[in-house]
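Be aware that the sequence shown starts at -17, since it is given in my numbering, and climbs by one per residue.
Every residue gets a Cβ at the ideal spot worked out from N, C-alpha and C, and that includes glycine.
Notes follow once the structure below has been shown.
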Amino acid sequence: MKAIECETALNREIERMQPQVIELIRTLCAIPAPSHHEERRAAFVRQWFEQHGMEAEIDEALNVRCPVGLDRHEDMVVVMAHMDTVFPDREPMPFEEKDGRLYCPGVGDNTANLAAMMMLASALKAQRYEPVCGVLFVANSCEEGLGNLKGCRAIMKAYGPRVKAFLALDGGSDSVCARAVGSSRYRIRVETKGGHSFADFGSRSAIETACRLVSALYDQAVPRAGTSTTTYNVGMISGGTSINAIAQRAEMLYEYRSDSAACLEIMERQMRSVLEACACAEAKIGVELLGTRPCAGYGDPDAQRALENACLNALALYTGERPGLSSGSTDCNIPLSMGIPSACFGVYRGAGEHTREEWIDPSTICAGMKAAASVLMNWFQKPACD
-17 MKAIECETAL NREIERMQPQ VIELIRTLCA IPAPSHHEER RAAFVRQWFE
33 QHGMEAEIDE ALNVRCPVGL DRHEDMVVVM AHMDTVFPDR EPMPFEEKDG
83 RLYCPGVGDN TANLAAMMML ASALKAQRYE PVCGVLFVAN SCEEGLGNLK
133 GCRAIMKAYG PRVKAFLALD GGSDSVCARA VGSSRYRIRV ETKGGHSFAD
183 FGSRSAIETA CRLVSALYDQ AVPRAGTSTT TYNVGMISGG TSINAIAQRA
233 EMLYEYRSDS AACLEIMERQ MRSVLEACAC AEAKIGVELL GTRPCAGYGD
283 PDAQRALENA CLNALALYTG ERPGLSSGST DCNIPLSMGI PSACFGVYRG
333 AGEHTREEWI DPSTICAGMK AAASVLMNWF QKPACD
């Protein structure tokens, strides 16, 4: 049997299993999994893998690891789909099927991709595809927000020297993310003496100082290096006691991002300069680093390009539209920073990710899964294949 025939057989299995894929998405959506609290979803995923004849374990970072051939091969690839949602909800979020769409916060990012990875791993097992290198399927934790890529960091710490390629199933099928956007995230606190709004009028206010900080941060020049893109954002601000009290405390969450390590360093210096300029005897300013994500390091450009092209060509073949390459902040940041060929794409089309109005078109999942399977066939073969 030729390799293309092997892929065709797998595609037929993907078509057959689509009702199961949709049902698995429904089931996963009903299991809350905010970052750092993926325990229930991890337990379900581990049990699901075991029920489908595969080994699975939950590690200390709450990743579910499903190894295939790791004991027979030194070289390996990682195939990853994150379990956590950007939403903090600990109770099931509303799920609705309407007008040919599936609606639920997190239904696409990243539940559909998680379900697709699980079903693809099961299909490869059922069809007796053999890995030509070690393959580690990972349902990982803490990709979103202040999860700080904890799950992926744990995997790369454990297996990094062995990993020759990394594929993340995340986002939609309209682009391939292969450029790492690094970031630094801070909590900035302001403390003052405060007082009564009438009796102590003129005393330094923590809120006023925080506002001056925000204004200064937004006045800074954005650095550039070649074609790089750099951004910044104050995402949350809070403080004060009441309308008739001069605020003693205020804080904000601030981040900056860039696909250039040099620009990240400039942003760090500029932030420190702003904080120093706004500090005074009456206002204490504290800074807490909440998390960092690295930019790409230096690896084999030919190997990176080959993986990117495999993803782009597979999506073009099965979705009928050739996607573009994009930059982003994903689990790929960690292996890319280590110089490991890495790419990220999803299996669905939809909209509204990171909002409570998120939806996906379930009819697009089959094509996306076939594209993912095509990339996986670089690392699997049927026993009878040449």
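Enclosing beta strand (DSSP E) for residue i [first to last residue]
i: D284; result: Taken as a continuous stretch (DSSP letters only), D284 belongs to no beta strand (DSSP E), being part of the alpha helix (DSSP H) at P283 to T301.
i: G332; result: R331 to A333
i: A232; result: R231 to S240
i: G310; result: G306 to G310
i: D343; result: W341 to D343
i: I219; result: T212 to G221
i: R47; result: V46 to V50
Closest residue to residue i among the options (Cα-Cα distance)
i: C124; options: N45, L195 and S179; result: N45
i: R338; options: G279, P70, Q109 and L151; result: P70
i: C11; options: Q0, N95, E39 and H34; result: N95
i: F77; options: N360, L106, T9 and A98; result: T9
i: A259; options: L272, L195 and K80; result: L195
i: V204; options: E190, M253 and R275; result: M253
i: G279; options: H34, N315, G51 and R83; result: N315
i: E268; options: A355, A43 and T174; result: Correcting the residue type first, residue 268 is Gly in the shown sequence and not Glu. It is T174 whose Cα lies nearest to the Cα of G268.
i: C277; options: Q202, A244 and Q286; result: A244
i: S324; options: G142, L84, R72 and L52; result: G142
i: P74; options: G88, G82, E(-3) and H55; result: G88
i: C159; options: N291, E233 and D201; result: N291
i: M218; options: A261, R167 and P344; result: R167
i: P1; options: L149, S255, S345 and G350; result: S345
i: E5; options: N(-7), E39, A98 and M36; result: A98
Under the three-state DSSP convention, the category residue i falls into
i: N315; result: helix
i: D156; result: coil
i: R251; result: helix
i: M(-17); result: Because M(-17) sits at a pLDDT of 39, beneath the cut-off of 50, its placement in the model cannot be relied upon, and the following sentence gives the value as read from the coordinates. In the structure shown, M(-17) sits in coil (DSSP, three-state: anything other than H, G, I, E or B).
i: D201; result: helix
i: I322; result: coil
i: M138; result: helix
i: M58; result: strand
i: E39; result: strand
i: S14; result: Inspection of the sequence shows that residue 14 is occupied by Pro rather than by Ser. Here P14 sits in coil by DSSP.
i: I(-4); result: helix
i: L149; result: strand
i: P143; result: helix
i: A278; result: coil
i: A243; result: helix
i: A261; result: coil
i: A(-9); result: helix
i: K364; result: coil
i: A227; result: strand
Residue j beta carbon less than 8 Å from that of residue i
i: A188; j: G176; result: yes
i: P49; j: L118; result: yes
i: G281; j: G321; result: yes
i: R28; j: A15; result: no
i: G153; j: D91; result: yes
i: R239; j: T212; result: yes
i: S210; j: S242; result: yes
i: Q363; j: V59; result: no
i: L318; j: R304; result: no
i: A63; j: E(-5); result: no
Delimiting residues of the alpha helix (DSSP H) encompassing residue i
i: W30; result: E21 to Q33
i: R8; result: Q0 to C11
i: T268; result: In the sequence as presented, Thr is not what sits at residue 268; that position holds Gly. Careful: G268 lies outside any alpha helix (DSSP H), inside the beta strand (DSSP E) at A265 to R275.
i: G350; result: I347 to L358
Runs of 3 residues minimum, wholly inside the region 62 to 135: which ones carry the beta strand (DSSP E) assignment? 78 to 80, 83 to 85 and 116 to 122
Exercise. Just list the alpha helix (DSSP H) runs in the region 159 to 203, keeping only unbroken ones of 4 residues or longer that don't cross its boundaries, in chain order.
Key: 188 to 201
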